[in-house]
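What follows is a set of notes on a single structure, which appears directly below.
Residue numbers (my numbering): 16 to 739.
Dropping the structure here:
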């Protein structure tokens, strides 16, 4: 040991004066001239020798030394040393070496991870921070780091990478496989998240073969549990119970009730698993292809249900992992099946997850500490409150006040189920009356389906107003951000309206015919009557006024493009998935036409994306003509067209309802109950859907739009005709 070091504590692990001279990257608190050298011991202690500029050498000691004040890393495949030191008296220094010889690397293993204060409590720890090569999934961007230096730690059944006081990456040990590669490296296979990027695994460069052997011994005995490999992320759970009932994981001390517990969520292609992070116990495993699986909510917070584990609330803090959940095809398919399944997972207002099921004798609400049957005849009120981001359904009886909270589309589906089963308590003799009531509600349905998106766009242009303000005209704003916003909303909205009206003309008549055929299926054995097929061309002709609205919309879009110079790439984009990444199908009850989404063009802009359309007004007059024409379209033309359309359509719809009623009355007794339930559901769907908005990003309820349109058509000025 050189005399220059003086007395040191511990066995020397690395001495830069005996190996390649370190390159000093930067330092503070040392002389401007002279050179610095580094000595490490297993005390652990760190010494820096400064030769000084005037022959006055100084040795600065950090004893004891601990990470991250003393960060010692091996980089470039664990071949070069990097030291980043924060020493006493405010001195700092960063040093790096060239490629170290094998003896020097072997000597460095004498650190034994002692710079980590809890090294003795770990099952395995690398000598210092070593080189890690992440393996990314295909398509990862260039901003993903190609290498990182971190301590490799196995503790409590988890493999952690620790870097400078942080844990940027960790795996449950029973979710990875480890195989030796090369002279001293280990290749891990198992999904994880690193800085917003998904990994398929990593290569650990463990310096020497002896260190690698120690790692593999510990990794091979990491504890019980499946060796399933998948992408994992931390989540919190509420309401979990074991397969055996209350005595399982959700029993005393378990995850039942509203208390949140930590877990690892492991997503593979066809399964969703949760395991305890400390014991590796599998808390629940959900097969995403299981026909009994139900799931609803958003990727950030959802409720998953199976008969084995009951309803469980899952909260995921990782936005990136949430997107991975949202993109899983099996998971999304299960979520879309859920809304039409009759078993709906949700939460009570106090946070308890529950599953709501429906049977002829009543509604069952079951979850942790909750098991209630509510007969339909005892229900006094059912009220939906569709306020985003989570809606609420309140159901009251003489003894129950139940408040269920979920995504708006699930609350709407829950409301529909309650109404449908309640309606089905009627007798078969009431079917004709129920059909007539359904035709009466069809006015709201048709007015919203055909013309509702016009008013949702109008509300977005006005600034996302309520139904009472739909009669206000859009006024020409001053040049600037507000005009840019209106230009963006109008540009996107007119395109959406044209596509929507094309669907109305081409698909809506066949859609209505198909729905009518479903009512008759029980009575006809699935065969479609000839008179129903013959009615479709008449219905198509009755919907012709929608084409007049489509023509005016197209002309307005063409005029808009002449007046304004828009950069399409700079416009806010409509997203039907919504900001919350809904796991359900928002358009379930009307899959073809609950598609407005137009006001999302404004909401996405207003929520901070700050993408502005560059608008150059060729003339103030051109701007004024565009907005005047739009105001005339929604203020006068659409109400008149709505009147003509309903007058044309409803004679046909009343006639169809009469003939359906006759067919069902003549049906055999075995078909009467299925027919009753089908009619009861139609009545419920039409009644409930008008009480809710058409989708995420829309404030106005369908019924509010239809009500405004009815009032508007009564107030439209009509021309004077000469009496005769």
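Glycine included, every Cβ here is placed at the ideal spot set by N, Cα and C.
Note that the structure is predicted; figures quoted are calculated from it, not measured.
What separation, rounded to the nearest whole angstrom, lies between the Cα atoms of residue i and residue j?
{"i": "residue 432", "j": "residue 295", "result": "39 Å"}
{"i": "residue 488", "j": "residue 364", "result": "40 Å"}
{"i": "residue 560", "j": "residue 663", "result": "9 Å"}
{"i": "residue 469", "j": "residue 459", "result": "15 Å"}
{"i": "residue 453", "j": "residue 660", "result": "18 Å"}
{"i": "residue 126", "j": "residue 174", "result": "20 Å"}
{"i": "residue 649", "j": "residue 524", "result": "24 Å"}
{"i": "residue 653", "j": "residue 644", "result": "12 Å"}
{"i": "residue 124", "j": "residue 28", "result": "8 Å"}
{"i": "residue 91", "j": "residue 169", "result": "23 Å"}
{"i": "residue 190", "j": "residue 22", "result": "47 Å"}
{"i": "residue 538", "j": "residue 690", "result": "7 Å"}
{"i": "residue 736", "j": "residue 666", "result": "26 Å"}
{"i": "residue 716", "j": "residue 701", "result": "13 Å"}
{"i": "residue 43", "j": "residue 105", "result": "8 Å"}
{"i": "residue 797", "j": "residue 387", "result": "No answer is possible for residue 797: the residues shown for the chain start at 16 and end at 739."}
{"i": "residue 54", "j": "residue 31", "result": "6 Å"}
{"i": "residue 277", "j": "residue 195", "result": "32 Å"}
{"i": "residue 475", "j": "residue 183", "result": "42 Å"}
{"i": "residue 181", "j": "residue 498", "result": "47 Å"}
{"i": "residue 655", "j": "residue 731", "result": "7 Å"}
{"i": "residue 492", "j": "residue 578", "result": "15 Å"}
{"i": "residue 555", "j": "residue 160", "result": "59 Å"}
{"i": "residue 486", "j": "residue 551", "result": "34 Å"}
{"i": "residue 120", "j": "residue 225", "result": "12 Å"}
{"i": "residue 423", "j": "residue 531", "result": "27 Å"}
{"i": "residue 354", "j": "residue 307", "result": "13 Å"}
{"i": "residue 38", "j": "residue 167", "result": "26 Å"}
So what does residue i bridge to, in DSSP terms?
{"i": "residue 378", "result": "373 and 389"}
{"i": "residue 6", "result": "For residue 6 there is no data in the structure shown, the boundaries of the chain being 16 and 739."}
{"i": "residue 185", "result": "175"}
{"i": "residue 194", "result": "202"}
{"i": "residue 569", "result": "According to DSSP, residue 569 bridges with nothing at all."}
{"i": "residue 277", "result": "251"}
{"i": "residue 302", "result": "286"}
{"i": "residue 145", "result": "165"}
{"i": "residue 328", "result": "253 and 318"}
{"i": "residue 140", "result": "168"}
{"i": "residue 56", "result": "27 and 60"}
{"i": "residue 719", "result": "Answer by DSSP bridge pairing: none, since residue 719 is not bridged."}
{"i": "residue 398", "result": "409"}
{"i": "residue 41", "result": "109"}
{"i": "residue 246", "result": "206 and 282"}
{"i": "residue 297", "result": "290"}
Going along the chain, which residues of its own chain have a beta-carbon closer than 8 Å to the beta-carbon of residue i, five neighbours each way excluded?
{"i": "residue 213", "result": "151, 152, 155, 206, 207, 246, 335 and 339"}
{"i": "residue 274", "result": "253"}
Who are the Cβ neighbours of residue i in its own chain at under 7 Å, not counting the five residues just before and after it?
{"i": "residue 67", "result": "46, 49 and 73"}
{"i": "residue 234", "result": "169, 188 and 193"}
{"i": "residue 56", "result": "23, 24, 25, 26, 27 and 28"}
{"i": "residue 80", "result": "59, 60, 61 and 130"}
{"i": "residue 674", "result": "546"}
{"i": "residue 707", "result": "399, 401, 423, 427, 716 and 717"}
By Cβ distance below 6 Å, which residues in the same chain neighbour residue i in space, the five residues on each side in sequence not counted?
{"i": "residue 409", "result": "398 and 418"}
{"i": "residue 378", "result": "389"}
{"i": "residue 374", "result": "none"}
{"i": "residue 357", "result": "373"}
{"i": "residue 203", "result": "191, 193, 216 and 217"}
{"i": "residue 102", "result": "75 and 77"}
{"i": "residue 302", "result": "286"}
{"i": "residue 324", "result": "299"}
{"i": "residue 443", "result": "687 and 691"}
key: Start-end ranges of the beta strand (DSSP E) lying completely within the region 63-121, minimum 3 residues   = 73-77, 85-90, 95-101 and 107-114
task = Count the CB pairs spanning the region 438-449 and the region 691-706 that are closer than 8 Å, and state whether there are at least three.
result = yes
request  = Inspect the CB distances between the region 225-234 and the region 303-317 and report whether three or more fall short of 8 Å.
outcome  = no
key: Every unbroken alpha helix (DSSP H) within the region 480-546, with a cutoff of 4 residues, ordered by chain   = 496-521 and 523-539
inquiry  = List, from N- to C-terminal side, the alpha helix (DSSP H) runs of 4 residues or more that fit wholly inside the region 435-486.
reply    = 446-477
inquiry  = I'd like the ranges of any beta strand (DSSP E) spanning at least 3 consecutive residues and lying wholly in the region 401-438.
reply    = 406-411 and 416-421
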